[in-house]
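Just below is one structure, and these are the notes that go with it.
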Amino acid sequence: MDSRGILQVRSRGTIKNYYLQAPSITIGRLDDNPIVLHDSQVSRQHARIDWAEGQARFTDLGSANGSLLNGQQVLPNTPQALNRGDVIRLGECELELFTATKLVRLSANGQSLPQERPALLAFAAPASIKLGVTSPAGKIEYALEAEAITLGRDPANDIVIDQPIVSRHHARLELTDYGYRIIDLGSANGLAVQDTPVTELLLVDGDTLSIAGDVILTYQISPEQAPGDTVQFAAPEVVPASAPFVEPAPVEMSPPATLIGVVPEVATTIQKIDLRQQATLSIGRSPDNDLVLEHPSISRHHARIARVGQQDQFFIEDLRSSNSTFVNDQPIEPGKPYPLIPGNTVRIGPIKFLFAPETLQAVDESRDLRLDALHLNQFVGKGVNLLQDISLAVQPREFVAVVGVSGAGKSTFMNALTGFKPASDGSVMVNGTDLYKNYNAYRTDIGYVPQDDIIHRELPVGRALDYVARLRLPADTNTNERGKIVQDEMETLGLIERKNVPVGSLSGGQRKRVSIGVERITRPGLFFLDEATSGLDPGTENQLMRMLRQLADQGQTILLITHATKNVVLCDLVIFPAKGGHLAYYGPPSEALTHFGVRDFDEIYEKLMSEKSPKEWAEIYRQSPQYQTYVVERLQAKYGELQQVAPTAPTRQPAAGDRLPKKKVKRPSGFRQFLVLTQRNLDIIRTDKKNLLLLLLLAPLLGLVGFLIWDKPIFDPVTGDPFEVMTLLFLASIIPFLIGSLSSMREIVKKSPSTCVSER
22 MDSRGILQVR SRGTIKNYYL QAPSITIGRL DDNPIVLHDS QVSRQHARID
72 WAEGQARFTD LGSANGSLLN GQQVLPNTPQ ALNRGDVIRL GECELELFTA
122 TKLVRLSANG QSLPQERPAL LAFAAPASIK LGVTSPAGKI EYALEAEAIT
172 LGRDPANDIV IDQPIVSRHH ARLELTDYGY RIIDLGSANG LAVQDTPVTE
222 LLLVDGDTLS IAGDVILTYQ ISPEQAPGDT VQFAAPEVVP ASAPFVEPAP
272 VEMSPPATLI GVVPEVATTI QKIDLRQQAT LSIGRSPDND LVLEHPSISR
322 HHARIARVGQ QDQFFIEDLR SSNSTFVNDQ PIEPGKPYPL IPGNTVRIGP
372 IKFLFAPETL QAVDESRDLR LDALHLNQFV GKGVNLLQDI SLAVQPREFV
422 AVVGVSGAGK STFMNALTGF KPASDGSVMV NGTDLYKNYN AYRTDIGYVP
472 QDDIIHRELP VGRALDYVAR LRLPADTNTN ERGKIVQDEM ETLGLIERKN
522 VPVGSLSGGQ RKRVSIGVER ITRPGLFFLD EATSGLDPGT ENQLMRMLRQ
572 LADQGQTILL ITHATKNVVL CDLVIFPAKG GHLAYYGPPS EALTHFGVRD
622 FDEIYEKLMS EKSPKEWAEI YRQSPQYQTY VVERLQAKYG ELQQVAPTAP
672 TRQPAAGDRL PKKKVKRPSG FRQFLVLTQR NLDIIRTDKK NLLLLLLLAP
722 LLGLVGFLIW DKPIFDPVTG DPFEVMTLLF LASIIPFLIG SLSSMREIVK
772 KSPSTCVSER
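Just add 21 to the spot in the sequence shown (first one is 1) and you have this note's numbering.
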């Protein structure tokens, strides 16, 4: 066995042990790391452990929240010697280095297992444990990840086998320190191994059990490895029965068993709902619903599914919700039942349901959204193309920076991705669904922060966000719910101590956080920011970038346009477009310097402007390994062969929004918006005391001036001047209009930056 050692990972009361057998092993939250830590404070690729000349070295890879070694902060990208007993802290996880020790042979009931049964390891790399179920209906594999898993014919079981020879509650799988044990629950046909009945068995890799010979259960253990992974199972060692017993480390508990092959690759939460025992199923945010969906964009009583007629036809009805109910990504008419057929998809807020006969499978897409651009072109004017056949893929929870020279099409590209100004040619896909064709269904999943502040500076932070919540959240959101959402948002963005401070009195970075909070009220899964760091000092810029890194780690997919390159290393990927909308680079920031042959990110600007034409830079990138890895392989895995397309200008230039669906979803009632906006405007006027005083005194002062300059003899029939009288009367009549116009113009100018707050 390799003597390099064992890295023990302790997290939330669970322990995992990893053999360190490779010369270099990365640690992070991303699933392609050999050691994966499911902690929001851990970066996607947080750290690395290297072996050289018998010495382990730990390196923090510029993580957002840093690393502690024996309680001391570790400098980023600086290798630190790692010795036996050293403790590393990453977020809420602790990692400790041990010397590799004895392995344990599995025993049952204190007896040694037969020699031909393989030994399980006390210390092993994470494994995929599956139970294959073969029946007349076919073969299905289930991943075993929970502490206790039930098996039987009843739909309430974790693993449902709908065969008459299987009892309603046939057996239970229990996770022990040695693996899974299967226990017969007094079933009619029992369990058998090679025709020998068993009531309880500690399972070993390869065990096969049968139920009456018609249903076969196969237990399998295999390492969770992808191509290039370096963590492996250690070679088994047989320990004599008389050897001292070494207790294995507890096994990490995970969510219940999940059906392999049905779970979407970007799903956050999967839930299967059985409709066979229910005449109706109410869906909404309120706890009194049959299916409770807790998300700000979902109404308290959003929709209802009902069984109608003897043939069990199911209908769905939108209960006049604020954000509509969608079937196959098209909104249905409120209050009118809509028939469901197998294969239909139903979207309620960010929750997507797949309707099968008598079942609903729910997928929570409030986070972990994937964004794909396929052959985007943007023709304007007389056939001028601002985007040159751009294709790329952004994985869930990735933080991507768009960095480039002026005129490179950064804003045009961002507007095409958001759907605000759709590309004239090509597609934008969200979790494999065409955004342009189904924009209304994904409208609440998109957040966009423009370069200018989108909040009224006169209002305190708490009240400003509360008005946004009143405009954007469903009308049935009560005061307590709205207050909790605003409070949670301020805590997330580090603004809780500035709750009662006017937005205008905040620093630039804090104001930008408030603007981000405005868009996060509805919890969008896709987040776009245009020049969010513009005008900020280096320290504030660093804080803002680290906050965005944390938001991405917590589940949002983030794209940021920026000119500042110092903190680009915090991003997962960086996009460098060249002039005219050519894609010059898309890949990790650490590989961009090598790709362009520079030592500093700022030098890339000069390279793109002077050394080669934009078309040549795009061609160089297409020949690079980054293009193959981050564009071709990602898109081919989902959409098949990626072909380069020669853009052709359309005969008619499409207007912005031509490619979006014409059917509109419901918006808040005009009367409700009028009340909220009026109340907000009165609040702004009351808060801005100087302006209020000016408005109150302006008319009386002007009237007083007129009173003082008017001389009594002016109206005398003999000595008065009729021309002067007419002039003064004209001024007296026009002054009220001037005062009103001046006030109105100030309001119009004041509203312009924040119009989107009420319109979106």
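We treat Cβ as the ideally placed atom computed from N, Cα and C, and that holds for glycine.
When Cβ pairs closer than 8 Å are counted between the two stretches, the stretch 546-558 is seen to touch the stretch 574-581, the count reaching three or more.
Under the three-state reduction of DSSP output, G173 falls in the strand class.
Per DSSP, the unbroken alpha helix (DSSP H) holding P559 starts and ends at 559-574.
K659 sits exposed, since fewer than 16 C-beta atoms from the chains shown fall within 10 Å of its C-beta. Sequence-distant Cβ neighbours of G211 in its own chain, meaning closer than 7 Å and more than five residues away, are D205, P218. F347 and I369 have their C-alpha atoms roughly 7 Å apart.
Cβ contact annotation for E115 (same chain, cutoff 8 Å, sequence separation greater than five): V30, R31, S32, V108, I109, in chain order. DSSP, reduced to helix, strand and coil, places I203 within a strand of the structure shown. Take T650, set aside five residues on each side of it, and the residues of its chain with a beta-carbon closer than 8 Å to its own are G608, in chain order.
Taking the Cβ atoms as the reference, L224 lies roughly 7 Å from R202, within the contact range of under 8 Å. Judged by DSSP in its simplified three-state form, D709 adopts coil rather than helix or strand. Taken through DSSP and simplified to helix, strand or coil, N178 comes out as coil.
Take the alpha-carbon of L729 and the one of L752: they are about 14 Å apart. The C-alpha of A394 lies about 14 Å from the C-alpha of K431. For L604, there is no enclosing alpha helix (DSSP H); the enclosing beta strand (DSSP E) covers residues 603-608. Look at D704 here: in three-state DSSP terms it is helix. If you compare the alpha carbons of N521, R620, S762 with that of L486, the shortest gap goes to N521.
As computed with DSSP, D446 is found in a beta bridge with N398. In the structure shown, the three-state DSSP call for S208 is coil.
Under the three-state reduction of DSSP, Q694 is assigned to helix. Taking the Cβ atoms as the reference, A429 lies roughly 23 Å from A573, outside the contact range of under 8 Å. Counting of Cβ neighbours within 10 angstroms places G87 among the buried residues, the total reaching 16 or more. Following the DSSP letters along the chain, one finds V426 in no beta strand (DSSP E), marked with neither H nor E.
Under the DSSP assignment, L438 falls outside any beta strand (DSSP E), being part of the alpha helix (DSSP H) whose first and last residues are 431-439. In this structure, L111 lies near H67, with their beta-carbon atoms less than 9 Å apart.
Look at S307 here: in three-state DSSP terms it is coil, with no helix or strand label.
The alpha helix (DSSP H) runs of length 4 or more contained entirely in the stretch 477-528 are, from start to end of the chain, 482-493, 500-513. Taken in chain order, the whole beta strand (DSSP E) runs of length 3 or more contained in the stretch 583-659 are 594-599, 603-608. Taking every protein chain shown into account, the CB of M511 has 16 or more other CB atoms within 10 angstroms, so this residue is buried. A contact is defined here as three or more CB-CB pairs under 8 Å, and the stretch 291-304 meets this definition with respect to the stretch 318-327. Of all alpha-carbon atoms in G364, P363, E338, I362, the one lying nearest the alpha-carbon of P352 is that of E338.
A414 and L591 do not touch by the CB rule: their CB atoms are close to 20 Å apart, not below 8 Å. With the rule of 3 Cβ pairs closer than 8 Å, the stretch 384-400 counts as touching the stretch 447-466. Annotated three-state conformation of N349 is coil, per DSSP. For I186, same chain residues with a beta-carbon under 7 Å away, outside a window of 5 residues either side, are N210, I232, A233, D235, V236 in chain order. By the CB criterion at 9 Å, S343 and P495 fall inside the cutoff.
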